[in-house]
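Trainee:
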Amino acid sequence: MAPLCAYPSGNPMHAIPTSPARGGQDLWLGLGALAYFAVNALSQCLVSPTAELDQAQQLVLSQDLSWGYGPQPPLYSWLVNLLFALTGPSLAVLYAVKVALLGLLVAGMLQAAREIGLDARARLLAVAGLALIPQFVWESQRDLTHSVLATVCAVWTLWALFRLYRAPSLANHVLLGVLVGLGVLSKYNFGFFVLALIGAALLTPAYRRRLLTPRLLLAVAVALLVLAPHLAWFAGHAGAATASSAKFKMAGGFAPAGAVSVLYAVLAFLGPLILAYALSWRRAGGRPAALDGAHTGLLVRLALVMLGLLMAFVLVTGATHVKDRWMQPLFFFVPLLAAMTVAHARVFLGLAGAIALAVAVLLPGQALWASLHDKASRRNLPYAELAAALRAEAGRPDVILASNELLAGNMRLAFPDSRVGVVWSPDGLRAALAEYRGRTVWFLADNGGHDRGDRAWTEYAVAFPGRQPQVVERPLLHMATAGHRIYWLALP
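The numbering of the sequence shown is full-length UniProt numbering, which starts it at 1 and goes up by one.
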């Protein structure tokens, strides 16, 4: 089998041509992927008008423009705010943003593959490899927001580094700096990717020679310029910006569970891709293609340095809980490595196609067939019907305060002219009521799921001594045997 990367001069250090490979297939592949994402988005919209958790969060955050939004960086919310200024809050717009970003992700993978000289077959395999990563093919289409944007920035940052290697011009250094800045503004764990990419480049001799020049300072300066306003906000709001650090379950000192959690997260993230690679390698009789060249060395080192950084993180912080979805902007490039060495493309592509087809059926099916397995998802929550009942009974308030982001975001869809907010405690509710004194305020509480108990109200009842809430309830979507209720009070 011929190697996927040709060596023009017989020297592995010159494995990458001076201009990217050309291929008309890429346009059709990109358009096909875009159509796939669009059909899946449309099917989810048609099945349920309910926003998922991350979508609901954006419906809340995008009401304002700010240099920061608590524990998440601001770029995604800026983008949504800009679009909502033109269209009004809309679930369809959120899906359109997701479709566009996933299309850019595929385009970035194709461009990165072309930049390192992979042929048409290998570029197809690289894109197919994304379908073998559950966080891309399932979670990214279902709900994720910041992680998708960060991964788009990461793949184009990798492409920019490949491009800089080929042509280390001032413009390419500026481009690299801009993309790094945008990546950090997308999600903070993008910083792990930047550190690992720098480390891998410095450990790769050919890259080290291209990177360690005075022009690198220009890239750093541009990245800092892009980040400067947000960094200033971060410095003044460090508590809010790091509020979600508890999710790592830091134990204080090294805990073996942290290292195990990292390995488990990486394997869960890459598991189907590794399995498909192993089956295609076995089907071809164990004959991997040649691995060589500066770019291949960079990618291998990038994977190893990334794993080392994550292990160092849990060692230093004592973190014991690492989720596979956090790996998305960190190990997205592994399909590129797999594409270089897949020996039997038919097996690899067949598995990727089967998973993509199954996902296309299950994305709407999760809500549509909930009654078959008696397990409702957030898509089954009848927030539109509940909001219609509230509107019929009490009109429209100036402000809606909700007990969780899922409820608040979905109420913004139903009441686009009302201000919505989330109050996490009775004290927070009292403070918000004081802020909005003189305006018509509704307080809404639910359990963020299909549990019909009154736990959601009892937590906040202390803020309203002597008052009882009103209750509105409607059947779950596609699962009429169960219902969902909202407890609410109108506060003049």
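Backbone N, C-alpha and C define an ideal beta-carbon position, used for all residues, glycine too.
DSSP on A461, reduced to helix/strand/coil?
Mentor: For the purposes of this step, residue 461 is taken as residue 461 along the sequence shown, with counting starting at 1. Helix.
Trainee: With 8 angstroms set as the bound, which would you pick, yes or no: does the beta-carbon of L86 sit closer than that to a beta-carbon of chain C?
Mentor: Absence of chain C from the displayed structure is noted, only one protein chain being present.
Trainee: Note the first and the last residue of the continuous beta strand (DSSP E) segment covering W442.
Mentor: Position 442 of the sequence shown, counting from 1, holds the residue named residue 442. Unbroken beta strand (DSSP E) run through W442: 441 to 445.
Trainee: With a 10 Å radius around its C-beta and 16 neighbouring C-beta atoms as the bar for buried, classify K187 as buried or exposed.
Mentor: For the purposes of this step, residue 187 is identified with residue 187 of the sequence shown, where counting begins at 1. Label assigned to K187: buried.
Trainee: Tell me, which residues are paired with Q470 by DSSP?
Mentor: Position 470 of the sequence shown, counting from 1, holds the residue named residue 470. Paired residue(s): W488.
Trainee: With a Cβ-Cβ cutoff of 8 angstroms, do L429 and V422 count as a contact?
Mentor: Locating residue 429 in the sequence shown gives position 429, counting from the first residue. Locating residue 422 in the sequence shown gives position 422, counting from the first residue. Their beta carbons are not under 8 angstroms apart, which means L429 does not touch V422 by this criterion.
Trainee: A384 and A414 look like a contact to me (Cβ under 8 angstroms); what is the Cβ gap, rounded to whole Å?
Mentor: As a first step, residue 384 is located in the sequence shown; it is residue number 384 there, counting from the start. As a first step, residue 414 is located in the sequence shown; it is residue number 414 there, counting from the start. The Cβ separation is near 6 angstroms, so the contact holds.
Trainee: So is K375 buried or exposed if we call it buried at 16+ other beta carbons inside 10 Å?
Mentor: What you label residue 375 is simply residue 375 of the sequence shown in a count that begins at 1. Burial call: exposed.
Trainee: Helix, strand or coil for V342, going by three-state DSSP, please let me know.
Mentor: The residue labelled residue 342 in the question sits at position 342 within the sequence shown. It is coil, neither helix nor strand.
Trainee: Could you compute how far the alpha carbon of V399 sits from the alpha carbon of Q470?
Mentor: Walking along the sequence shown from the start, residue 399 turns up at place 399. Walking along the sequence shown from the start, residue 470 turns up at place 470. Spanning the two alpha carbons is a distance of roughly 17 angstroms.
Trainee: Please state whether DSSP places residue 495 in a helix, a strand or coil.
Mentor: Since the first residue of the chain shown is 1 and the last is 492, residue 495 is not available in this structure.
Trainee: Just checking, does the segment 320 to 332 make contact with the segment 150 to 163 on the three C-beta pairs under 8 angstroms criterion?
Mentor: The segment 320 to 332 is in contact with the segment 150 to 163.
Trainee: Looking only at DSSP bridge pairs, what is P475 linked to?
Mentor: The sequence position of residue 475 within the sequence shown is 475, counting from 1. Answer is G483, bridged to P475.
Trainee: Does the structure place the segment 113 to 131 close enough to the segment 156 to 172 that three or more beta carbon pairs sit under 8 angstroms?
Mentor: They touch, by the three-pair rule.
Trainee: Using only CA atoms, which one of P73, N447, L195, L110 lies nearest to W233?
Mentor: Here the question's residue 233 lines up with position 233 in the sequence shown. Closest by alpha carbon: P73.
Trainee: Determine the DSSP secondary structure at V420, reduced to helix, strand or coil.
Mentor: In the sequence shown, counting from the first residue as 1, residue 420 sits at position 420. Strand at V420.
Trainee: Report the residue ranges of all alpha helix (DSSP H) runs contained in full by the segment 90 to 171; include only those spanning at least 4 residues, in chain order.
Mentor: Counting whole runs of 4 or more residues, the segment 90 to 171 contains the alpha helix (DSSP H) stretches 91 to 115, 120 to 131, 146 to 166.
Trainee: Between the Cα of V184 and the Cα atoms of V226, T145, L203, R210, which residue gives the shortest distance?
Mentor: As a first step, residue 184 is located in the sequence shown; it is residue number 184 there, counting from the start. Closest option to V184, Cα to Cα, is V226.
Trainee: Less than 8 angstroms between the beta carbons of H344 and S280, yes or no?
Mentor: Translated into positions along the sequence shown, residue 344 becomes position 344. Translated into positions along the sequence shown, residue 280 becomes position 280. Going by C-beta atoms, H344 is nearer than 8 angstroms to S280.
Trainee: Quick check: what's the CA-CA separation for L182 versus A456?
Mentor: For this step, residue 182 is matched to residue 182 along the sequence shown. For this step, residue 456 is matched to residue 456 along the sequence shown. Each residue's Cα considered, the two are about 38 angstroms apart.
Trainee: Tell me whether the segment 95 to 104 and the segment 29 to 45 touch, counting them as touching only if at least three CB pairs, one residue from each stretch, are closer than 8 angstroms.
Mentor: As far as the Cβ criterion goes, the segment 95 to 104 touches the segment 29 to 45, which means the pair count is three or higher.
Trainee: On the three-state DSSP scale, how would you describe V194?
Mentor: Residue numbering aside, residue 194 sits at position 194 when the sequence shown is read from its first letter. Of the three classes helix, strand and coil, the one that applies to V194 here is helix, per DSSP.
Trainee: DSSP beta-bridge partners for V220?
Mentor: Along the sequence shown, one-based indexing puts residue 220 at 220. Beta-bridge pairing links V220 to no other residue.
Trainee: Hey, V305 and A131 are a contact pair by Cβ (cut 8 angstroms); roughly how many whole angstroms apart?
Mentor: Position 305 of the sequence shown, counting from 1, holds the residue named residue 305. Position 131 of the sequence shown, counting from 1, holds the residue named residue 131. Not confirmed; about 26 angstroms, so no contact.
Trainee: Using CA atoms only, rank isn't needed, just tell me which of D324, R210, P214, L406 is closest to W138.
Mentor: Taking the first residue of the sequence shown as position 1, residue 138 is located at position 138. For W138, the nearest C-alpha among the options comes from D324.
Trainee: Who are the Cβ neighbours of L379 in its own chain at under 6 angstroms, not counting the five residues just before and after it?
Mentor: Against the sequence shown, residue 379 aligns to sequence position 379. Per the sequence shown, the amino acid found at residue 379 is Arg instead of Leu. Excluding sequence neighbours, R379 sits near S48, T50, A367.
Trainee: Got a sec, what are the start and stop residues for the alpha helix (DSSP H) A389 sits in?
Mentor: Within the sequence shown, residue 389 is the residue found at index 389, counting from 1. 383 to 394 is the span of the alpha helix (DSSP H), which, as asked, contains A389.
Trainee: Is DSSP giving A402 helix, strand or coil here?
Mentor: In the sequence shown, the residue the question calls residue 402 occupies position 402. Residue state, collapsed to three classes: strand.
Trainee: Can you name the start and end residues of the alpha helix (DSSP H) that E52 belongs to?
Mentor: Position 52 of the sequence shown, counting from 1, holds the residue named residue 52. Element bounds for E52: n/a, residue is neither H nor E.
Trainee: Work out the CA separation of M411 and Y460 for me, nearest whole Å.
Mentor: For the purposes of this step, residue 460 is taken as residue 460 along the sequence shown, with counting starting at 1. For the purposes of this step, residue 411 is taken as residue 411 along the sequence shown, with counting starting at 1. Y460 and M411: Cα-Cα distance of roughly 19 angstroms.
Trainee: Can you grab the Cα-Cα spacing for the pair A445 / V472, in whole Å?
Mentor: For the purposes of this step, residue 445 is identified with residue 445 of the sequence shown, where counting begins at 1. For the purposes of this step, residue 472 is identified with residue 472 of the sequence shown, where counting begins at 1. Answer to the nearest angstrom: the Cα atoms are 11 angstroms apart.
Trainee: In terms of alpha-carbon separation, which member of F84, L105, L75, R121 lies closest to V342?
Mentor: Mapped onto the sequence shown, residue 342 falls at position 342. For V342, the nearest C-alpha among the options comes from R121.
Trainee: Would you decide whether L27 is buried or exposed? Buried here means 16 or more other CB atoms lie within 10 Å of its CB.
Mentor: Start at 1 with the first residue of the sequence shown, and residue 27 comes out as number 27. That one is exposed.
Trainee: Below 8 angstroms between beta carbons: does that hold for L110 and G177?
Mentor: Here the question's residue 110 lines up with position 110 in the sequence shown. Here the question's residue 177 lines up with position 177 in the sequence shown. Cβ atoms of L110 and G177: not closer than 8 angstroms.
Trainee: Work out the CA separation of R485 and Q468 for me, nearest whole Å.
Mentor: Residue 468 sits at position 468 when you count from the first residue of the sequence shown. Residue 485 sits at position 485 when you count from the first residue of the sequence shown. Each residue's Cα considered, the two are about 15 angstroms apart.
Trainee: Round the Cβ separation of A408 and V60 to the nearest angstrom and send it over; I've been treating them as touching at under 8 angstroms.
Mentor: For the purposes of this step, residue 408 is taken as residue 408 along the sequence shown, with counting starting at 1. For the purposes of this step, residue 60 is taken as residue 60 along the sequence shown, with counting starting at 1. Confirmed, about 5 angstroms.
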